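Working notes, structure below.
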Amino acid sequence: MRKIYADAESALEGLTFDGMTVMSGGFGLCGIPENLIAALRDTGVKALTVISNNAGVDGFGLGQLLETRQIAKMISSYVGENKEFERQYLAGELQLEFNPQGTLAERIRAGGAGIPAFFTATGVGTLVAEGKEVRTFDGRDYVMETGLVADLSIVKAWKADERGNLVFRKTARNFNPMMATAGKVTVVEVEEIVPTGSLDPDAIHTPGVYVDRIIKGTFEKRIEQRTIRIRETA
Amino acid sequence: MRKIYADAESALEGLTFDGMTVMSGGFGLCGIPENLIAALRDTGVKALTVISNNAGVDGFGLGQLLETRQIAKMISSYVGENKEFERQYLAGELQLEFNPQGTLAERIRAGGAGIPAFFTATGVGTLVAEGKEVRTFDGRDYVMETGLVADLSIVKAWKADERGNLVFRKTARNFNPMMATAGKVTVVEVEEIVPTGSLDPDAIHTPGVYVDRIIKGTFEKRIEQRTIRIRETA
Amino acid sequence: MPRTREQLAERAAQELQDGFYVNLGIGIPTLVANYIPAGMEVTLQSENGMLGMGPFPYDEDVDPDLINAGKQTITEIPESAYFSSADSFAMIRGGHINLSILGAMEVAENGDIANWMIPGKLVKGMGGAMDLVAGVKRVVVVMEHANKHGQSKVLKACTLPLTGTGVVSRIITDLCVFDVKPGGAGLELIELAEGVTLDEVAARTEAAYSISQTLKAAA
Amino acid sequence: MPRTREQLAERAAQELQDGFYVNLGIGIPTLVANYIPAGMEVTLQSENGMLGMGPFPYDEDVDPDLINAGKQTITEIPESAYFSSADSFAMIRGGHINLSILGAMEVAENGDIANWMIPGKLVKGMGGAMDLVAGVKRVVVVMEHANKHGQSKVLKACTLPLTGTGVVSRIITDLCVFDVKPGGAGLELIELAEGVTLDEVAARTEAAYSISQTLKAAA
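Protein sequences appear in the order of chains Z, W, Y and R.
According to numbering that gives the first Met the number 0, the first sequence holds residues 0 to 233 in order.
According to numbering that gives the first Met the number 0, the second sequence holds residues 0 to 233 in order.
According to numbering that gives the first Met the number 0, the third sequence holds residues 0 to 218 in order.
According to numbering that gives the first Met the number 0, the fourth sequence holds residues 0 to 218 in order.
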């Protein structure tokens, strides 16, 4: 039970400092660590570099940390849904580094896997490759990208056992498993904490070695684009 | 049902040629594609380069392909359990490239993931790094290793559905999932073929996109080192 | 008459082949899913981490944990499998997806594509577009022939920052279809939309192109 | 008296800490699992693809799909998780395993280790040893002080092909325990096995070493 904390606030205790780098899981608003983002805001920590595929929306997800101007820099692939983000960025208050989504995912995976750099064809011949080494393998050009690590990773999973083994649900998995591996400290919020031994050991997505602290959260799970089909009636 | 073949022989039809590179899953004798190795032997294909963590034992697993001298070169991390291997190697009949086990696993993963090269600290300052680029990142030296692909990957899984989604069992997973991604063609043998929709989509280890052909095999599952504890009687 | 959005999607669906694994971009490409021929086995990939994407859910089945790369709620089907975004882009980067159908702002004679950034305007990011064009085996662009100012989007050279270089294999527009010949050999006009003339294409296309000997009017 | 194999394993078990994730090499290191103190939470990793390794099975529970990196049949326990060998070595290379306890043929003053190859003899391969010494946070070597010819295995410089350079933090032998000081600062003798004298260590050690001010005889 050493890894289980009472709430998001206590789970972040002693882990935050100004200027730190934080990875935050999720794709859009799907699978984001809602509870830990709010708790991170409440710590008042400043000048964060946040690595996250997206930047939330106004007032929800990372949008909450933008509102309070706690973020100095974002490393993301797409930030389209956030007016406050736009405003700060256009005003020069916020630094932004765009990474192609797959390069971002692989940089995080590499960081967690002890790989300081790798080559990819993604972005060759584009702005993304500027200032980076380009090398030819087997007649094709590839750009060198570096691994990413963070001082803290905040992650949302579906279930955890008491030893920190994690299972994700559907497309809420997204960036969460890699980020769990790439944080010097990884804090996870889940919908359910189950007794050790109740998860199928063949179906664990993130082994407990990557998980330092766990909380059971409460979730709004806001939907960005509710698209439905209409049931045809007879 | 397009991916399901009647037997190992028909599943390899049209896929083999002399001098080809084959990846073969398994660790020791655990999780090896027994049926496809035997069928590969029966094709009579020659001068194979085989990428496999180990080389089987005399008369079983890849040992069968060594006996018939169909292998020209092995890329492996450990080949300790095979007298015929020793004989051919010492006689200069067999080429051998040793890779550290983790580097081998990552080279295969990289090959399947479109990554032509990556850096690792493994092997720096050893024979493994000779002739390879060494580069310093953040004050530590790393050696550049390249991705591996194969003309054919033969893989052993526990269950497949008709669309090729795979599930592995316990430590029989080992090198199989990466090899499934790194073959130009991937042929899989399983213990059971289940109807599409009966595997938990959150618990699929290898999505069907990586699987070209599937057979239901029969398995001896030989044990290399049967270690047991004695039940204390009252 | 130029093709409508639906007709563009319908034409793009002719690029599908039985057994294909396909990634569809946002916008018109998403509509292609509605035109998969009956009996054809096509598996849709969503780059956030899903293979085997089903249709939009009924209202009562909406699941916030189940969205596509356009952040729309979707459903799973019997062959669905989920995986991480790293595994998803390993699949894309490694060349395991047969076909990507994408929109574009500009495409050039040599297969260059620009679809993520307009200098001076707010940039939202490239998302997975650069990975898709670099990694997927075949990239087909579906787009309006001209931009809203009436200017050709099929160009000698892209003017906007690129998404990828030399990656597009085919361009399907509301007027016609071009093949991008391999090795920088330029464009070839291979189809006209119904009622569209060669002169019309010539007038509205900035890029140079050859005309296929088997040029046919679309059915 | 020099330590027996079992005593070496028992001493090595003192390196364990509550909450540690540990990889044990083949041979004496494997025996360390028998000396994990009661109540201490130590999770064993097997580099073929398992975290949370249990003891050997009872005869009727042997499962050919469940082996450790030494290819021995083992069992699972409640916290067990399986993963691929790529994921396993990502865990090792990424520095997520706290401690590796390994055997060696030679260790040098600077922390170099050789444990996989004797030139002129048949080489079986390095397996995962190079990944473990390069990746795991702390590497402790457990070995006999001398080889079968009576020569010191604790050397000024390794003579055999290396497994890793500057990676060993501590050397536990049947005679004593050395710390490898960081930054190439050499060896420090920190413990003597019961009944072993300083002179005995001096006589049997080729490497130079300093003697800890707090040197204590092992209990």
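All C-beta atoms in this analysis are idealised placements derived from N, C-alpha and C, irrespective of residue type, glycine included.
Remember, predicted model here, so these are calculated numbers, not experimental data.
Beta-carbon gap between residue i and residue j smaller than 9 Å
i	j	result
Gly51(R)	Glu9(R)	no
Leu98(R)	Val140(R)	no
Ala207(Y)	Lys152(Y)	no
Phe220(R)	Gly101(W)	The requested residue 220(R) is not part of the displayed model; chain R covers only 0 to 218.
Asp111(Y)	Thr164(Y)	yes
Thr162(Y)	Ala113(Y)	yes
Leu147(Z)	Thr205(Z)	no
Ile203(W)	Ile3(W)	no
Ser75(Z)	Leu95(Z)	yes
Leu35(Z)	Ala7(Z)	yes
Met142(R)	Ile170(R)	yes
Proximal residues to residue i (C-beta, below 7 Å), its chain only, five neighbours per side dropped
i	result
Gly182(Z)	Met22, Ala149, Leu151 and Ser152
Met177(Z)	Ala104, Ile107, Arg108 and Gly111
Phe59(Z)	Leu28 and Arg221
Thr158(Y)	Glu105
Ala32(Y)	Leu23 and Leu43
Cys175(Y)	Leu188, Glu190, Leu191, Ala192, Val195 and Val200
Gly94(R)	Gly134 and Lys136
Tyr81(R)	Gly48 and Met49
Assumed close pair residue i, residue j - CB separation to whole angstroms, cut-off 8 Å
i	j	result
Val123(W)	Ala133(R)	7 Å
Ile114(W)	Gly163(W)	Wrong, their Cβ atoms sit about 23 Å apart, outside the cutoff.
Thr226(W)	Arg92(R)	With a Cβ gap of about 28 Å, Thr226(W) and Arg92(R) do not count as contacting.
Ala116(W)	Val78(W)	About 25 Å separates the two Cβ atoms, so there is no contact after all.
Ile35(R)	Ala11(R)	Actually they do not touch by this definition, with Cβ atoms about 11 Å apart.
Asp178(Y)	His144(Y)	With 8 Å as the limit, Asp178(Y) and His144(Y) do not qualify as a contact, their Cβ atoms being about 15 Å apart.
Glu80(W)	Phe218(W)	Wrong, their Cβ atoms sit about 19 Å apart, outside the cutoff.
Contact set for residue i: own chain, Cβ-Cβ below 6 Å, skip 5 residues either direction
i	result
Gly185(Y)	Glu108
Gln87(Z)	Leu93
Leu64(W)	Arg40 and Ile70
Glu46(Y)	Ala68, Ser87 and Gly127
Gly18(R)	Glu40
Ile96(Y)	Tyr20, Asn22, Gln44 and Val135
As assigned by DSSP and simplified to three states, the class of residue i
i	result
Arg225(W)	coil
Thr196(Y)	coil
Tyr77(W)	coil
Glu105(R)	strand
Phe117(W)	strand
Ser79(Y)	strand
Ala46(W)	coil
Val132(R)	helix
Arg137(Y)	strand
Gly111(Z)	helix
Asp150(Z)	strand
Val61(Y)	coil
Asp178(R)	strand
Gly51(Y)	strand
Glu190(Y)	strand
Glu191(W)	strand
Gly101(W)	helix
Met90(Y)	helix
Ser197(W)	coil
Ile210(Y)	strand
Asn53(Z)	coil
Lys220(Z)	coil
Cβ neighbours of residue i in the same chain (closer than 8 Å, five flanking residues each side left out)
i	result
Pro160(R)	Ala113, Trp115, Met116 and Pro118
Gln150(R)	Glu205
Val208(W)	Gly163
Phe55(R)	Gln71, Thr72, Ile73 and Thr74
Glu66(W)	Asp57, Gly58 and Glu83
Q) Which of the residues in the region 75-102 of chain Z, read from start to end, lie with their CB under 9 Å from any CB of chain B? A) Given the protein chain composition of this structure (Z, W, Y and R), no chain B is represented.
Q. At a cut of 8 Å, does the region 158-175 of chain W reach the region 34-48 of chain W through at least three beta carbon pairs?
A. no
Q: Specify whether the region 204-219 of chain W and the region 180-196 of chain W touch according to this definition: at least 3 beta carbon pairs, one from each stretch, less than 8 Å apart.
A: yes
Q. Would the region 0-20 of chain W and the region 125-144 of chain W be scored as touching if the rule is three or more Cβ pairs under 8 Å?
A. no
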